[in-house]
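Sequence order for the protein chains is A and B.
Per the UniProt record's numbering, residue 1 is the first one in the first sequence, and the count goes up by one each step.
Per the UniProt record's numbering, residue 1 is the first one in the second sequence, and the count goes up by one each step.
C-beta atoms are modelled at their ideal positions from N, C-alpha and C, and glycine is treated no differently.
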Amino acid sequence: MTLLQEKWRAYRTPGYYTKYDYAWRLVVDLDSCTGCGACVVACQAENNLPIVGERAFQEKRDMKWLRIERYWEGEYPDIKMRFLPMMCQHCDQAPCETVCPVAATYHNQDGLNVQVYNRCVGTRSCAAYCPYEVRYFNWFSASWEAPLEQQLNPEVSIREKGVMEKCTFCVQRIRQAKDEAKDEGRRVQEDDFTTACAQSCPSKALHFGDANDPQSAVSQLAKNPRAYHVLSELNTEPSVTYLARGKAMESAS
Amino acid sequence: MNRVGNQTPDETPPKLADVNRDVIRTLTETTPLYWWTFGIAVMVAVLCFTLPWAYQLVTGIGVAGMNRPVIWGSYISCFIFWIGLSHSGTLLSAVLHITGSQWRKAIYRSAEAMTLFSLVVAVIFVLVHVGRPWFVYWTIPYPNQRELWPNFRSPLLFDVTAITTYMTASATFLFVGSIPDFAAARDGTIGWRHSMYRVLSLGWRGTQKEWKHLGWAYTFFAVLVIPLAVSVHSIVSWDLALSIVPGFHQTIFAPYFVVGAIYSGTAGIVTVMYFLRKYYHLERYILPSHFDKLGRLLLVLSLLWTYINIVELTTGWFSHHSFELEFIDYRLTGAWAPIYWSMIAFCAVLPLSLISSRVRTNLNVMLVLSIFINAGMLFERFIIITTSLPRKYLPNTWADYAPTWVEYSIMLGSLAIFVTLFLIFVKIVPSMSIYEVKEELLHNAKHQQENKP
Ligand code: SF4
């Protein structure tokens, strides 16, 4: 069996990318997250997210591939605010993938849940099935006012109305890093690149990397006893790991 | 023109020649009332459906009221509703054919037509629902250069398959059953109608052999259609039940949807029968006893439906899962609670009156009841979508949903499309099966002779 055949067969079995390619993971350290929203802005700039305006925001039609959910704990005055940055979890057992009738969303060999905008017919069933509510639909075609279109990222396509979109783990950066690494005949290194959100986080709460590399930060952090998955009881096997707030931080805040 | 039938309704059995005349009369004679209804229906369809849809296509689907948690809305609800309405038509007709019921003969043609047109409207709602309807053919496994296939794991793809199959089967069933009537119409008409029926009747001459084949083919399709009809709404229910959304993810969904579908379909037949009887003066063929029988069926279905509703809530409640409880709380007391409770009133409480035979044989009451039941069933489709999606897992995203004028208008317009299609149908296809009504008359006559001393 040639390598190609072996790979081809391996791609058809779940968990193949643990052996081949990369397993991209994100770790969110809730101890460090201050809820500043820098990642949200960075994501908006990197991925050409449309600016929907106040009205659409109130209608719950905002476009933020990464949002910071706020939860309150306790009663006033003894009240605490919790932050939960929420982006596509790139589930290994993604409910959104099975339902798309045209396979516009599927798992690629890097363990990413990818979205093919050109294939999407807009049934919106993926968004109905996603338990994390991280899929965003283009209710209208987006437009940018005069100077703003100059800052659009040329690496990322502009989505048309009637198409679903969501966090891609900055797939354009992954592709570029993989290309460069391939030219140099090596695997992608830890510090070759990172996602826009992880790059911009001032308190270094976000860590992005390859879990197939045992030395990477994400592999190390995943062993942390504070690690958990959001809604893990649903068995979606997310790629995003959260590190719960530690006891020490609890008493400090 | 023989209008005796109008003055002495119900009891006098018609003569054989009258049957031909009465039914073909419905094809060729057009009253001003028909033209008015037709004109209004077409106008409403254009104004309330085509124009808002065009607006939605140009601007984007955001003109409807859906938002992020409630990503599905009235369009999917209406889709499920119309698929539901399509049941019973063909299903009832097939079941009654196999069990050899005599009374189906006067109504089954219209019932089957109802099936077909509800399916057409349902498919239209799919087009209205999706974001890019111009690409909807991608869901069909057609050979293409890029070797792209649809996703065979997707319940939506099961749906496409089930609905196209059901549509083909019920259209064929309807057509096969109409061939002798097309021939009768061919012989009774002149001009362009004659040419049209000549094609439609496939050269039917009425020989012994042809009748034998027809009987065979018809029974074959009847047997085929029953499992299809049951499967089609089970599959529609899997669109929801295969998700992990609280309120959708229920094993009861397939029987729930099938029962609901037959329920609303039967109520729809009662409505259509009422109008056919009244405006086509078919009092001699569609008797109050038929309404009585359908009333009994409705009563049984309403009880089943109530039972399944109780099961649905109690399984969620017993799970003691906070997400399930939250969703039940929202359904019973949230923004859509008035709709929920009117659904219970229309579909579970009001139909209990059918226990009295006075209600079942009073046609006006039956009409009102059947309309209420279908309104309730439309509410049910809404409730399933609009009270489950707003309360999904992450409380941060919870939001309410309310339809916009575009959605209301498209809903009204879709009804007008249905009425338009039906009105066109009654002018082209004999809306009552001529040959089977005759058969029944002969049968009865023979019976009477035998019973005479
Ligand atoms: S988080 Fe939602 S959109 Fe992302 S892979 Fe999981 S189910 Fe799909």
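Assignment of residue 69 (chain A) by DSSP, reduced to helix, strand and coil, places it in the strand class.
At a cut-off of 6 Å, the beta-carbon of residue 103 (chain A) does not count as near ligand 1: no heavy atom of the ligand is closer than that.
Within the DSSP secondary-structure output, residue 165 (chain A) pairs in a beta bridge with A:136. Not a single C-beta of chain A is nearer than 7 Å to the C-beta of residue 58 (chain B). Residue 125 (chain A) has a beta carbon lying within less than 7 Å of a beta carbon in chain B.
In the three-state reduction of the DSSP assignment, residue 243 (chain A) falls in the strand class, which pools E and B. Two segments are said to touch when three or more pairs of C-beta atoms, one from each, lie closer than 8 Å; by this definition the segment 64-77 of chain B does not touch the segment 424-440 of chain B. The beta carbons of residue 246 (chain B) and residue 323 (chain B) sit about 4 Å from each other, so the pair counts as a contact at 8 Å.
Proximity of the segment 71-78 of chain B to the segment 124-133 of chain B meets the contact definition, three or more beta-carbon pairs being nearer than 8 Å. Every residue with a CB closer than 6 Å to a heavy atom of ligand 1 is listed here in chain order: A:88, A:89, A:90, A:91, A:94, A:95, A:96, A:113, A:130, A:132, A:134, A:135, A:166 and A:236. Burial is judged here by how many other beta carbons sit within 10 angstroms of a residue's own beta carbon; residue 221 (chain B) has at least 16 and is buried. Shown here, residue 200 (chain B) sits in a helix according to DSSP, grouped into three states. Non-local C-beta neighbours of residue 261 (chain B) in its own chain, meaning closer than 6 Å and more than five positions away in sequence, comprise 84, 87 and 233, ordered along the chain. Look at the segment 94-112 of chain A: the residues with a C-beta under 7 Å from a C-beta of chain B are 95, 98, 99, 100, 101, 102 and 103. Close to chain B, meaning a Cβ-Cβ distance shorter than 7 Å, are the following residues of the segment 225-239 of chain A: 231 and 234. For residue 57 (chain A), the nearest beta carbon of chain B is not closer than 7 Å to its own beta carbon.
Boundaries around residue 207 (chain A) are those of the beta strand (DSSP E), 206-210, since no alpha helix (DSSP H) includes it. Rounded to the nearest angstrom, the gap between the Cα atoms of residue 33 (chain B) and residue 309 (chain B) is 42 Å. As the crow flies, the alpha-carbon of residue 274 (chain B) is around 27 Å from that of residue 197 (chain B).
Taking CB atoms only, residue 154 (chain B) has a neighbour in chain A less than 7 Å away. Chain-order list of chain B residues neighbouring residue 141 (chain A): 60, by C-beta distance under 8 Å.
For residue 174 (chain B), the uninterrupted alpha helix (DSSP H) segment begins and ends at 155-188. With a threshold of 16 other beta carbon atoms within 10 Å, residue 161 (chain A) meets it and is buried. Between residue 381 (chain B) and residue 81 (chain B), the C-beta gap is smaller than 7 Å, which places the two residues in contact. Residue 99 (chain A) and residue 155 (chain B) do touch by the CB rule: their CB atoms are close to 6 Å apart, below 8 Å. Excluding five sequence positions before and after residue 56 (chain A), the CB atoms of its chain that fall closer than 8 Å to its own CB belong to 62 and 139, given in chain order. Neighbours of residue 70 (chain A) across chain B, judged by C-beta separation under 8 Å: 396. For residue 24 (chain A), the secondary structure class from DSSP, reduced to helix, strand or coil, is strand.
When secondary structure is reduced to three states using DSSP, residue 127 (chain A) falls in the helix class. With the criterion set as a beta carbon lying under 8 Å from some beta carbon of chain B, the UniProt domain "4Fe-4S ferredoxin-type" (24-54) of chain A has no members that meet it.
Taking a beta-carbon distance threshold of 7 Å, residue 138 (chain B) counts as an interface residue toward chain A. Look at residue 89 (chain A) here: in three-state DSSP terms it is coil, with no helix or strand label. The C-beta distance from residue 386 (chain B) to residue 336 (chain B) rounds to 5 Å, short enough to fall under 8 Å. Contact with chain B is absent for residue 73 (chain A), since none of that chain's Cβ atoms lies less than 7 Å from the residue's Cβ. Rounded to the nearest whole angstrom, the C-alpha separation of residue 402 (chain B) and residue 59 (chain A) is 10 Å. Taking the Cβ atoms as the reference, residue 350 (chain B) lies roughly 6 Å from residue 369 (chain B), within the contact range of under 8 Å.
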